[in-house]
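These notes are about the structure you will find just below.
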Amino acid sequence: MKETRTRFAPSPTGYIHIGNVRSAIYPYLVARQTGGKFILRIEDTDRARFVEGATELIEDTLKWLGLEWDEGPIVGGPNAPYFQSEREDLYLEWAKKLIKTGRAYLDETAPEVIDEYRKADNAKKVPFLYRNHRPASADFSPEETLEKWQKGIPLRFKSDPKNYEWTDEVMGEMKTGPEVCDDIILIKKDGLPTYNFAHIVDDAEMGVTHIARGVEYLSSMPNYLALYEALNLEHPKFLSLPHILAPQGNKKLGKRDGAKSVTEYKSDGVLPEALLNYLACLGWNDGTEKEIYSKEELIKSFSIDRIQNSGARFDEVKIYWYNGQWIRKLVDEEGVEKFYSRTKDFWPEVAENEPDEYKIKVLSIIYDRLKVLADLKTMTDYFFVDPEIKPEMITDNKFLKKLSETELIELLTLTIERLNDVKDWSEENLQKELNDLLEKSGKKPAEYFSLVRISVSFAPFSPALHQTLSVLGREKTLARLNAVRTALTNN
RNA sequence: GGUCUCGUAGUAUAACGGUUAGUACAACGGGUUUUCAUCCCGUCAACGCGGGUUCGACUCCCGCCGAGAUCACCA
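For the first sequence, numbering that gives the first Met the number 0 begins at 0 and goes up steadily by one.
Have a look at this one:
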């Protein structure tokens with residue numbers, strides 16, 4: 000059986016955003032599950048839109064998501080180069096094949112003239128088709144065309160309008176009439192091919208078996224089919240992927256709607272596992288009620304025929320849910336130490352010089368509260384530096400409002416005196432001591448524990464109190480309790 | 001305007017002629033004798049409309065309505 004070969008073929012016009020990365024994920028999964036090859040090809044024939052550094056950004060994004068490619072930039076491959084701008088001669092060669100069979104012609108018609116044609120047709124309420132305005136050069140013999148062709152003269156396909164029927168692996172059986180077939184540009188004025196022509200040549204050269212791309216290409220299909228036919232090529236399978244919709248409205252998610260780059264989620268501390276999981280399952284499911292898929296599980300269960308054929312709305316909240324699930328899953332399965340290595344870039348600045356062992360302890364009691372890793376920055380600073388004492392955070396607290404200041408001070412004194420005598424500072428023992436203190440305080444748990452928690456952290460919330468105190472250590476705990484008692488006394 | 005695609009709760013989806021239309025996120029309420037979160041339990045909430053076909057239609061057919069894509073020397 001023929002080897003499955005899929006590809007992701009982005010233009011280096013900027014970062015890969017969340018709305019179009021799915022057309023990399025699905026072909027990747029298809030290639031992996033069949034033991035085939037996944038190719039990365041850079042479609043940089045539009046020099047005006049080329050952005051410096053975009054290729055590297057694309058490469059980094061794919062690597063981060065775990066979509067390693069078998070052929071393409073960096074890794075090379077049998078069909079190198081993988082940049083269209085470096086394959087110019089190849090397209091010219093293939094274009095000549097079309098000229099020789101009388102299926103391509105030179106066209107020097109000025110853009111302004113073409114505009115006139117378009118306006119005239121629109122005025123007549125006739126669909127604008129360039130083939131109704133073919134210039135005299137369309138009738139040149141192949142020899143004459145070949146002889147006169149030089150760089151700077153665009154080349155057009157000479158279409159042969161007819162009905163087309165084909166299968167789209169996602170959308171199903173398709174058919175169109177001759178009215179959509181036209182003379183598309185093959186080679187531009189600058190000597191480089193258009194996407195329409197280049198991708199067909201490259202896919203053929205590279206032996207691509209499946210093309211996955213956005214549904215917006217669906218309406219160009221008849222012209223592509225005509226080209227495959229004229230070039231005597233068997234066409235690959237087509238997967239038209241429905242759009243990911245912006246959170247508001249019904250338009251596809253684009254940079255203008257604030258579609259973030261994939262790398263932005265990376266720097267927020269979203270795990271690649273979570274993002275891949277979310278994106279793969281947006282518009283695809285395996286028919287079961289499973290929600291959490293690792294890359295390996297996706298490779299195993301993915302199937303083209305279960306790709307949804309309607310657009311799916313982008314929902315950032317769900318990404319965070321997946322991320323929380325993945326954080327807990329990874330810590331539970333691989334341990335905190337291993338997970339800690341992935342959090343290095345997300346600690347608050349004040350933690351910079353703290354030992355790893357201490358940060359691991361902090362992580363172990365706080366990880367199940369994280370939505371994104373960047374939450375570490377805002378949720379853990381009191382473990383590393385004494386918090387600023389703000390008495391109002393105690394007196395205005397919803398559980399402590401009812402208590403008088405003298406009462407608060409008494410409770411703190413009680414706590415300090417007792418903890419002073421505690422030698423065993425383990426979580427277990429502290430839990431016992433704190434429960435004991437709670438009983439002695441005669442307060443409700445929410446009241447007494449809130450007082451102690453806020454006194455040591457001045458944070459809106461923290462891990463379970465016995466864990467917080469244990470990690471914080473005896474010295475810091477007592478010092479902070481004392482400091483708060485003094486502050487309240489002087490208030 | 002031509003051509004094409006899509007249409008189940010707020011969102012993502014299941015169902016593939018017969019179910020009280022299932023699940024997850026979100027929202028709301030409760031529990032886990034401490035906050036926040038996790039975890040657990042519960043509540044709210046959907047087949048765009050109208051015709052057929054059929055004993056029976058979310059499911060098949062037709063029409064309508066709504067939404068989107070495309071009609072570049074951009075991809």
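Cβ coordinates follow ideal geometry from the N, Cα and C atoms, glycine included.
Predicted model only: the values in this text are computed from it and were never measured.
* Output the residue ranges of the alpha helix (DSSP H) runs that lie fully inside the stretch 280 to 343 and measure 4 residues or longer, sorted by chain position. => Counting whole runs of 4 or more residues, the stretch 280 to 343 contains the alpha helix (DSSP H) stretches 294 to 300, 315 to 333, 335 to 339.
Worksheet item: If you check the beta carbons only, do Lys188 and Leu145 fall under 8 Å apart?
Response: no
| query | Is it the case that the Cβ atoms of Ile415 and Arg484 are separated by a distance below 8 Å? | reply | In contact: Ile415 and Arg484 (Cβ atoms closer than 8 Å).
Next on the checklist: Applying the 10 Å Cβ sphere with the 16-neighbour rule, what's the burial state of Pro462?
Outcome noted: buried
For Pro26, which residues of its own chain have a beta-carbon under 7 Å away from its beta-carbon, when the five flanking residues on both sides are left out? Cβ neighbours of Pro26 beyond the five flanking positions: Thr5, Arg6, Phe7, Phe37, His209, Ala211.
- Message: Strictly by DSSP, which residues pair up with Glu172?
- Response: Thr166
Cβ neighbours of Glu474 in the same chain (closer than 6 Å, five flanking residues each side left out):
Closer than 6 Å at Cβ, skipping near neighbours: no residue.
### Query
Contact check, Glu356 vs Leu399 under 8 Å by CB: the rounded distance?
No, Glu356 and Leu399 are not in contact; Cβ-Cβ is about 34 Å, not under 8 Å.
*Residues of its chain near Gln466, where Cβ-Cβ distance is below 6 Å and the 5 sequence neighbours each way are ignored*: The answer, listed in chain order, is Ile364, Glu426.
Could you name the residues that DSSP lists as bridge partners for Ile186?
-> Leu154, Pro192
Contacts around Lys161, its chain only, beta-carbon distance under 6 Å, and the 5 residues preceding and following it disregarded: Excluding the 5 residues flanking it on each side, Lys161 has same chain C-beta neighbours closer than 6 Å at Pro177, in chain order.
Selected residue, minimal CA-CA separation from Ala103, among Tyr223, Ile183, Glu288, Thr262
Ile183
In this structure, what does DSSP give as the bridge partners for Phe37? Thr5
Taking the DSSP output, what are the residues bridged to Ser239?
-> Answer is Arg212.
| field | Assigned secondary structure, Phe448 (DSSP; H/G/I helix, E/B strand, else coil) | value | helix
Can you find the residues in the same chain that come closer than 6 Å, C-beta to C-beta, to Gly310, ignoring five residues on each side of it along the sequence? Pro241, His242, Leu244
- Query: Any contact of the stretch 297 to 317 with the stretch 227 to 234, i.e. 3+ C-beta pairs under 8 Å?
  - Reply: no
Quiz prompt | Delimiting residues of the alpha helix (DSSP H) encompassing Tyr227 | solution = 220 to 229
(request) Could you check the C-alpha separation between Ile393 and Asn490 for me, to the nearest Å? (result) 12 Å
Three or more C-beta pairs below 8 Å linking the stretch 69 to 79 and the stretch 36 to 53: yes
| query | Excluding five sequence neighbours on each side, which residues of the same chain lie with their C-beta closer than 7 Å to the C-beta of Lys259? | reply | His16, Ile17
- Name the residue from Glu263, Leu154, Asn131, Ser239 whose alpha carbon lies nearest to the alpha carbon of Glu172. Per the Cα distances, Ser239.
- [ ] Jot down the residue ranges of each uninterrupted beta strand (DSSP E) in the stretch 36 to 100, minimum 3 residues, whole runs only, in chain order.
- [x] 36 to 39
Beta-carbon contacts of Asn131 that lie in its chain and below 7 Å, excluding the five residues immediately before and after:
none
Task: Reference Arg312; option with closest CA among Asp256, Asp423, Thr287 - done: Taking only the C-alpha atoms, the option nearest Arg312 is Asp256.
(message) Between Glu168 and Lys236, how many whole angstroms is the CB-CB distance? I'm expecting something under 8 Å.
(response) Between the beta-carbon of Glu168 and that of Lys236 there is about 5 Å, and that keeps the pair under the 8 Å contact cut.
Spatial neighbours of Lys389 in its chain, beta-carbon cut-off 7 Å, leaving aside the 5 residues before and after
Phe457
- Over what stretch of residues does the alpha helix (DSSP H) that includes Ala30 continue unbroken? 21 to 32
Candidates Ser140, Val316, Tyr116: which alpha carbon is nearest Tyr129's?
Tyr116
query = Do you know whose CA, among Val384, Gly334, Leu450, lies nearest Trp346's CA?
reply = Val384
*With a cut-off of 8 Å, do at least 3 Cβ pairs link the stretch 321 to 341 to the stretch 264 to 275?*
Taking a cut-off of 8 Å on C-beta distances, the stretch 321 to 341 touches the stretch 264 to 275, as three or more cross pairs fall below it.
Margin query: With a threshold of 7 Å on Cβ separation, who are the neighbours of Asn419 within its own chain once the five nearest residues in sequence on each side are excluded?
Written below: Leu477
Requested in this report: Could you pull out every residue in the same chain whose Cβ sits closer than 8 Å to the Cβ of Val335, ignoring the five residues on either side in sequence?
Outcome: Ile359, Leu362, Ser363, Tyr366
Measure the alpha-carbon distance for Glu409 versus Arg417 and round it to whole angstroms. 12 Å
key: Other residues of its chain near Leu372: CB distance less than 7 Å, five sequence neighbours each side excluded   = Gly268, Thr342, Phe345
(request) List the whole-angstrom C-beta distance separating Val179 from Pro134, where the pair is believed to meet the contact cut-off of C-beta under 8 Å. (result) Contact doesn't hold; Cβ gap of about 22 Å is too wide.
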